[in-house]
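Q: Here it is, the structure, as structure tokens.
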Amino acid sequence: RNECVIELTGDDAVAHVAGAAIGDGDFHHDDTVFITHDALRCESRQVFKKVLRNGAVGVFQGKILVKKDAQKTDGYQISQSLLLDGDSQFLAKPELEIYADDVVCSHGSTSGAIDDDALFYLRARGIPVDIATDLLTLAFLAEALHEIESDSLSTAVGDRLEAWLAQRRS
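Under this note's numbering, the residue at position 64 of the sequence shown is numbered 61, and the numbers go up by one with no gaps.
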């Protein structure tokens, strides 16, 4: 379980929070993020992606609270999951609570399987189904991985993901 609480109390404050999780079997991963905008021109960004298989469970609860005097706020929140089988589950509760009237805020959550058309496209070009699935999984997680500012950490996370995918093939 990961919990993050951020209060943006100074003008022009910025907070970017991202997460990527890969789960298998009895894996249960829970992200909770609360960001409060309480000053002018603050920006927040939440990007969370999960890849789940073999009955794994992912949970996301995120909230952006924009107080009355937090005008010119920019808030973005997205949580997405890629379910690699019918036994896995993703539960999401994205929230916006806005009391200011001059803001740009958006939020959303999606959950689904590998896109059949994208898989067909790769298969039609001679890419084996397991490799095509891995490529689409990596592409799905790319947005969250790009949020990591440290190149060494981003590389380490990408390497871990590739090892997890390779384990599935063996």
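For every residue, glycine included, the Cβ atom is placed at its ideal position computed from N, Cα and C.
Just reading off the alpha helix (DSSP H) that isoleucine 128 is part of, what are its end residues?
A: From DSSP, the alpha helix (DSSP H) with isoleucine 128 extends over 126 to 143.
Q: Assuming the contact rule is C-beta atoms closer than 8 angstroms, leucine 138 and alanine 17 should be a hit. Round their C-beta distance to whole Å, please.
A: At roughly 5 angstroms, the Cβ-Cβ gap stays under 8 angstroms, so leucine 138 and alanine 17 are in contact.
Q: What does the alpha-carbon distance come out to for the pair threonine 29 and alanine 163?
A: Those two C-alpha atoms are separated by around 29 angstroms.
Q: Assess, as a yes-or-no matter, whether the region 22 to 38 is touched by the region 147 to 155 under the definition of 3 or more beta carbon pairs within less than 8 angstroms.
A: Judged by Cβ distances under 8 angstroms, the region 147 to 155 makes no contact with the region 22 to 38, as fewer than three pairs qualify.
Q: Between which residues of its own chain and histidine 25 is the CB-CB distance below 6 angstroms, once the five residues before and five after are set aside?
A: Closer than 6 angstroms at Cβ, skipping near neighbours: Val54.
Q: Are there 16 or more other CB atoms within 10 angstroms of the CB of alanine 89, so buried, or fewer, so exposed?
A: Buried.
Q: Is it the case that the Cβ atoms of alanine 15 and isoleucine 3 are separated by a distance below 9 angstroms?
A: Their beta carbons are not under 9 angstroms apart, which means alanine 15 does not touch isoleucine 3 by this criterion.
Q: Among residues of its own chain, excluding the 5 on either side of arginine 42, which ones have a beta-carbon nearer than 6 angstroms to its beta-carbon?
A: Answer for arginine 42: His13 and Tyr73, listed in chain order.
Q: Considering only their Cβ atoms, is the gap separating tyrosine 96 from lysine 69 smaller than 9 angstroms?
A: Cβ atoms of lysine 69 and tyrosine 96: not closer than 9 angstroms.
Q: Among Ser76, Asp112, Gly109 and Ala67, which residue has its Cα nearest to the Cα of aspartate 98?
A: With distances taken between Cα atoms, aspartate 98 lies closest to Ala67.
Q: What residue does the alpha helix (DSSP H) around arginine 120 start on, and which one ends it?
A: 113 to 121 is the extent of the alpha helix (DSSP H) around arginine 120.
Q: Go through its chain and collect everything with a Cβ distance to alanine 82's Cβ below 6 angstroms, but skip five positions before and after it.
A: Residue 82 is actually aspartate in this sequence, not alanine. So the qualifying residues of the chain are Arg50.
Q: Closest by CA to isoleucine 75, which one among Gln86, Pro91, Leu62 and Ala110?
A: Minimum Cα distance to isoleucine 75 is reached at Pro91.
Q: Give me the Cα-Cα distance between serine 78 and threonine 130, rounded to the nearest whole angstrom.
A: About 15 angstroms.
Q: Where glycine 22 and glutamine 86 are concerned, what is the direct C-alpha to C-alpha distance, given to the nearest angstrom?
A: Near 11 angstroms, if we compare the C-alpha coordinates of glutamine 86 and glycine 22.
Q: Need the endpoints of the beta strand (DSSP E) that aspartate 21 sits in, please.
A: Start and end: 11 to 21.
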